[in-house]
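The next block holds one structure in the form of structure tokens; read it before the comments.
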Amino acid sequence: MTADRPHDFGTGAGPGTGTGPDPLGTAEGADRHLGTDEGAGMGTGAGTGTGTGPHLGTDGGTGIGIGTAEATDAAPGGGIAAIPGAKSVAAPGHPAGLDDSGDDGPGGGILGRAHRALTLGIISVVSLVAFEASAVNTAMPVAARALDGIGLYAFGFSAFFTASLFAMALAGEWSDRRGPLGPLFSGIAAFGTGLLIAGAAGSMGMFIVGRGVQGIGGGLVVVSLYVVVGRAYPERLRPSIMASFSAAWVVPVIVGPLVAGTVTEHLGWRWVFLAIPALILLPLVVMLPALRTLPRTRPAPAGGVRQVLGSRRCLLALAVAVGACLLQYAGQHPAWPALLPAAVGLALLAPSIVRLLPRGTFRAARGLPSVVLLRGLAAGALVAAESFIPLMLVTQRGLSATLAGLSLTGGGLTWALGSYVQSRPRLEPHRERLMGLGMVLLALAIALVPLALIDGVPAGIVAVAWTIGGFGMGLNISSAGVLLLKLSRPEEAGSNSASLQMSDALGNVTFVGLGGVLFVAFGGGEIAAHAPAAAAASGAAGHSAASAFAAVFATMAVVALTGAVTACRVK
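With the numbering used here, letter number 552 in the sequence shown gets 554, and the count goes up by one each step, no holes.
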């Protein structure tokens, strides 16, 4: 029989022998348990059942039957632990006598004994990044105005993504050669440093530099976490831990805009950036003990810092980042002198990105290449649209920074819901359809946003639209992470995770940059500089503003629909 609930036991399969050196049979010859994952054990009803919890005779386990009890789904049988010196007897319906060194706690899930500390640490880190993202979206319109940098508004976002693109390649090489701990903790430190630089900036240029340093930290962290997931969690738990990545956004997207808006309005936008670094200590304290238990990575023959920075992938990623910066600069300065940086940027970016991502990515080859491409289309369309929503609501509808930020809150909640839905085992055969549906929902959401520019349409239409888009992203993004790990060999987990995240960052850079170009080209830079919408929402000014924002959102809706087509090729 197949056990399919956390506390189900596999039925007995007759006498057998342990797979480890211990005569009683241990989990991979190490921990003495009752037939836990990929191990062997000894106890009543031991056998070869499959499932997702710490039951007797789970995935690939064998054991020695010493009783006749047979477990059923409705009434799992108990048994005596096969641990020398152990005197506990399992109560009916629970795993038999697992000690504190066990691989699995109750339920054997991501919050089981073996993974609880690491899961909580990962959630802490992701929550910190989520809180920062929510807070920055809320404070950015006010910060750009205060620094007289509305014309460079898009750079405040794209600098983060451009820098993170290089850092992701660095993290992939670093993790494969030396393990994920170095890039993870270096990334957390860089992330905090960038926040301090941005908060203390006296000009928009220095603010953009701070955002770039933040991007380096964010790129190092996100790839390192993917590598940690690939090494620390069995394949059956990866959909759940990927869902927890999204769930970690729930509280920040509720609290972040409200806190950031209140701080911005009463204390000033700088404190939104300067206060967040204080939260960095919590993830460090929570994660370090759990991370120390991960298997040590044997350094590669050429695994020093100089070799990592000089690796082919890092150099290509640097070329892509520099090229993207030059292209965005040229796009926002439409004049003859801008042709030179545009040409140099294109020459750097185009050949480098083709070599950096898996072969066939840009022609949507089936399998891993399409997964990587889809991630860039999904993330780029969402972030480019989301970056301009608070600015539109503040400048064209006269909303406060707090209310503008809160309009995005529903998207974070439904993102977590969509991620939970995709993690259900019965939906696994339909993963590519879920990803396609997610992109269609995102396209619909982005297309609904500019309706808020029409007189008589409530500004709340944006909040409704973003709940739809968030659910679509939850279906899509988490599924992409699951498929990537499934399609990657262990020794390629770091590089492929970096490719996925670099596609994410490249999509953000490309489409946020494109959004900035469209916004300025249609007159948005001039209009947004005149504050509240009530004055700017009439006559030619109002028409130009509507055209600038509508051009951005219409383009991103088309990008999302392109992603829906690409989703048909992820398998």
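All C-beta atoms, glycine included, are put in the ideal place defined by N, C-alpha and C.
All values reported here derive from a predicted model rather than from experimental measurement.
Using a Cβ-Cβ cut-off of 8 Å (strictly less than) and excluding sequence neighbours within five positions of serine 354, which residues of its own chain qualify?
Leu318, Ala319, Ala321, Val322, Gly325
Hey, glycine 221 and alanine 165 are a contact pair by Cβ (cut 8 Å); roughly how many whole angstroms apart?
7 Å
Neighbourhood of glycine 192 by C-beta distance below 7 Å, restricted to the same chain and skipping five residues each side
The sequence as given places alanine at residue 192; glycine does not occur at that position. Taken in chain order, the residues that qualify are Val215, Ile218, Gly219, Leu222.
Might you give, ordered along the chain, the residues of its own chain that have their beta carbon closer than 6 Å to the beta carbon of methionine 558, omitting 5 neighbours on each side?
Ala383, Ala386, Ala387, Ile448
Mind checking isoleucine 456: buried by the 16 CB within 10 Å criterion, or exposed?
exposed
Using only the alpha-carbon positions, how far apart do phenylalanine 473 and proline 339 sit?
44 Å
Neighbourhood of alanine 332 by C-beta distance below 6 Å, restricted to the same chain and skipping five residues each side
Ala340, Pro343, Ala344
Is histidine 268 helix, strand or coil when you go by DSSP?
helix
For valine 128, the nearest candidate out of Val225, Tyr155, Leu113 (CA to CA):
Val225
How long is the line joining the alpha carbons of leucine 283 and serine 126, rounded to whole angstroms?
10 Å
Out of Leu198, Phe247, Leu260, which one is the CA nearest neighbour of glutamine 407?
It is worth fixing the name first, because residue 407 is glycine in this sequence and not glutamine. Ranking the options by Cα distance to glycine 407, first place goes to Leu260.
Boundaries (first-last residue) of the alpha helix (DSSP H) holding isoleucine 282
Taken as a continuous stretch (DSSP letters only), isoleucine 282 belongs to no alpha helix (DSSP H), as it is neither H nor E.
So what's phenylalanine 157 in DSSP terms, helix, strand or just coil?
helix
Touching by the beta-carbon criterion (3+ pairs, under 8 Å), the segment 435-447 and the segment 460-474
yes
Could you have a look at tryptophan 338 and say whether DSSP puts it in helix, strand or coil?
helix
Own chain, CB closer than 7 Å to arginine 357, minus 5 neighbours either side, in chain order
Leu318
Is the CB-CB distance between leucine 410 and alanine 465 below 9 Å?
yes
Through-space distance from leucine 198 to lysine 89, alpha-carbon basis:
Because the pLDDT of lysine 89 is 33, which lies under 50, any placement of that residue in the model is unreliable, and the question is left without a value.
Distance check for leucine 379 and leucine 401, CA to CA, integer angstroms please.
30 Å
Please name the residue, chosen from Cys570, Ser490, Leu239, Val511, that lies closest to valine 442 on a Cα-to-Cα basis.
Cys570
Would a C-beta distance cut-off of 9 Å place leucine 329 and glycine 347 closer than the cut-off?
yes
Going by the beta-carbon positions, is the gap between phenylalanine 209 and alanine 169 smaller than 9 Å?
no
Using the Cβ count rule (16 or more neighbours within 10 Å means buried), how would you classify valine 567?
exposed
Helix, strand or coil: how does DSSP classify phenylalanine 524 here?
coil
Is it buried or exposed for glutamate 30, if we count other Cβ within 10 angstroms and need 16 for buried?
Residue confidence is low: glutamate 30 scores 36 on pLDDT, short of 50, so the model does not pin down where it sits. Its coordinate-derived value is still stated next. Glutamate 30 comes out exposed.
One question on the structure: do alanine 171 and alanine 381 come within less than 9 Å of each other, judged by their Cβ atoms?
no
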